[in-house]
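Written out below as structure tokens is the structure these notes cover.
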Amino acid sequence: MATLPQITLDFNRKIKLSNDGGDLSSDTGEFLFREFDEKIGFSKTLQNHLRLNDSRAYYLHSNENLLRQKIYQMIAGYSEDDAADHLTKDPVFTQIIGTPALASQPSLSRFYTRFDKESIDHLNQANQELLDKIHSFRGSEALFIDLDSTHSDTYGNQEDSSYNMHYGTMGFHPLVAFDGATGDFLKAKLRPGNVYTSNGIVEFIQPLIEHYNQKFPETNLFLRGDSGFAVPALYELCEKESVLYVIRLKSNLQLQSLAKEYHPSSAPRDVSETEHYFEEATYQAKSWSKPRKVIIQSVRPAGELLFAHSFFVTNFEIASPKDIVRAYQKRGTMENYIKESKNGFYLDHMNSHSFQVNTVKMMLSLLAYNLTNWLRTICFPQGQKMMQIDTIRTRLIKVASKLVKSGRSYYFKLSSSFVYQKFFWNVLGQIQKLQIE
């Protein structure tokens, strides 16, 4: 590590700064993640599923350690691989990875290229195995599969990057699925930028649905999606697999005509109040094989003459139209999950020319997100279980410590002025109490 000369501050000439402090770290909170990792078998599961095209005869860094290093760097907020060149001898990171020194940026870059399609499938299998373990531990009675697509900007001539009319820019158009109740990142698929939202949706979601129906037959499955996913093949899949769904429909003349039968334009009863109505109707589009239940939400804002109508197709039988719409609206939390995965875990940092390498990076972001989400939802105190990663870094991860070696032991002495130490020790205590099979 390059050492800066000693700098004297102008406001107080007695104060000198330099970066030659030795065995110090500013990321001591990473130990909490590593302890939780061990409790749930995170790294062990990834290691069991890691299958790479590795022709190296001799190496300093195993693929398992490279995978762990990249995930922990992202959790700590180091989005770029070259951060490893500065963290090489960081005492916390070297203990977490279990090596005398971290791998360099070129080593990480070569690591990505050892993946192929089958290797990526194995990462998905590892994620699913961990999801299953957490699902069983929570004793969840329901799974809310929220579907969406997002956009990842690209710059330069990157493989399969293309112009997206909706976003008005070059990039990729990933497909994502989250559990709307827990925030767990269920699955992701990187796609070219010019594909339509619903492109490949059945192939994407069918294995997930079939898995949960087989593995957890007692779990009720729900699926929510916006109008981009309003395709008959998805309805038919859900009906076949006994999945309850609510999917928003794009408005058309026939639906608008149907809505106006219930609420035609008329003078408001009270211009100072907004009117809300929820109706149930039967409707069959030309592309549908049969009629289906459609919920009509009609809203007339205060002072307006006309109603604004929204339409939802569903197979819910018992719930009221209002409750069905309210259930759909809870899907809005997914926007926060996507934002967290992109801003906090760099899901949209697609800076490689290779589409396959970018897919690998997306999967590592997904895994870093999930490890964090499982830690906070299982071990954080009530009221803090939805804490965002930026706050987690400030309060838990970015903690200064000094390494003191004594015999065979390594003492990491945390800063005595650490503001959030009560929170820190509370979380560590919860982790160490965990019993997850």
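The UniProt record's numbering applies: residue 1 is where the sequence shown begins, and numbers increase by one. We put the beta carbon where it would ideally sit given N, CA and C, even for glycine.
Nearest to residue i (by Cα), restricted to the options the options
i, options, result
"residue 302", "281, 269 and 282", "269"
"residue 295", "307, 281, 169 and 286", "281"
"residue 140", "423, 78 and 184", "184"
"residue 316", "309, 308 and 326", "326"
"residue 477", "311, 399 and 77", "Because residue 477 is not part of the residues shown, which for the chain are 1 to 437, the question remains open."
"residue 235", "391, 74, 284 and 345", "284"
"residue 134", "308, 29, 376 and 57", "376"
"residue 397", "70, 54 and 77", "77"
"residue 46", "69, 25 and 57", "69"
"residue 51", "8, 75 and 116", "116"
"residue 427", "401, 379, 49 and 144", "379"
"residue 349", "362, 337, 339 and 356", "362"
"residue 413", "385, 406, 401 and 71", "401"
"residue 252", "158, 143, 337 and 286", "286"
"residue 156", "353, 385 and 366", "353"
"residue 404", "25, 232 and 71", "25"
"residue 161", "358, 436 and 311", "358"
"residue 94", "27, 387 and 260", "27"
"residue 340", "113, 381, 74 and 57", "74"
"residue 367", "131, 29 and 436", "131"
"residue 328", "351, 311 and 336", "311"
"residue 56", "12, 114, 101 and 388", "114"
"residue 49", "121, 5 and 6", "121"
"residue 230", "200, 220 and 241", "200"
"residue 256", "241, 279 and 272", "279"
"residue 110", "436, 390 and 356", "356"
Cβ shell of residue i (< 7 angstroms), same chain only, five flanking positions each side left out
i, result
"residue 34", "96"
"residue 105", "81, 82, 84 and 85"
"residue 107", "61 and 66"
"residue 334", "146, 148, 178 and 180"
"residue 228", "149, 197 and 198"
"residue 263", "277, 298 and 307"
"residue 42", "130 and 371"
"residue 79", "346 and 349"
"residue 53", "114 and 116"
Status (buried if at least 16 other CB within 10 Å, exposed otherwise) for residue i
i, result
"residue 408", "exposed"
"residue 179", "buried"
"residue 21", "exposed"
"residue 187", "buried"
"residue 165", "exposed"
"residue 383", "exposed"
"residue 44", "exposed"
"residue 218", "exposed"
"residue 92", "buried"
"residue 309", "buried"
"residue 395", "buried"
"residue 118", "exposed"
"residue 473", "This structure cannot settle anything about residue 473, because the visible part of the chain is limited to 1 through 437."
"residue 289", "exposed"
"residue 9", "exposed"
"residue 30", "buried"
"residue 17", "exposed"
"residue 225", "buried"
"residue 11", "exposed"
Contact set for residue i: own chain, Cβ-Cβ below 8 angstroms, skip 5 residues either direction
i, result
"residue 1", "The pLDDT assigned to residue 1 is 44, lower than 50, so where the model puts this residue is not dependable; a value taken from the coordinates is nonetheless given after this. These residues qualify, in order along the chain: 19, 86, 88 and 89."
"residue 65", "97, 98, 99 and 103"
"residue 332", "none"
"residue 265", "305, 306 and 307"
"residue 237", "202, 205, 206, 209 and 243"
Helix, strand or coil at residue i according to DSSP, with G and I counted as helix
i, result
"residue 332", "helix"
"residue 300", "strand"
"residue 418", "coil"
"residue 428", "helix"
"residue 49", "helix"
"residue 43", "helix"
"residue 15", "coil"
"residue 277", "strand"
"residue 316", "coil"
"residue 102", "coil"
"residue 286", "coil"
"residue 252", "coil"
"residue 36", "helix"
"residue 81", "helix"
Contacts around residue i, its chain only, beta-carbon distance under 6 angstroms, and the 5 residues preceding and following it disregarded
i, result
"residue 275", "300"
"residue 158", "353"
"residue 222", "144 and 244"
"residue 313", "247, 249, 292 and 294"
Does the segment 22 to 36 come into contact with the segment 415 to 433, if we say contact requires no fewer than three beta-carbon pairs (one atom in each stretch) closer than 8 angstroms? yes
Would the segment 365 to 374 and the segment 414 to 421 be scored as touching if the rule is three or more Cβ pairs under 8 angstroms? no
Pairs of beta-carbons, one from the segment 48 to 67 and one from the segment 130 to 149, closer than 8 angstroms: are there three or more? no
Do the segment 164 to 172 and the segment 115 to 127 touch if we need at least three Cβ pairs shorter than 8 angstroms? no
Should the segment 340 to 349 be called in touch with the segment 303 to 323, which here means at least 3 C-beta pairs below 8 angstroms? no
Is there contact between the segment 207 to 223 and the segment 188 to 199, where contact requires at least three CB pairs shorter than 8 angstroms? no
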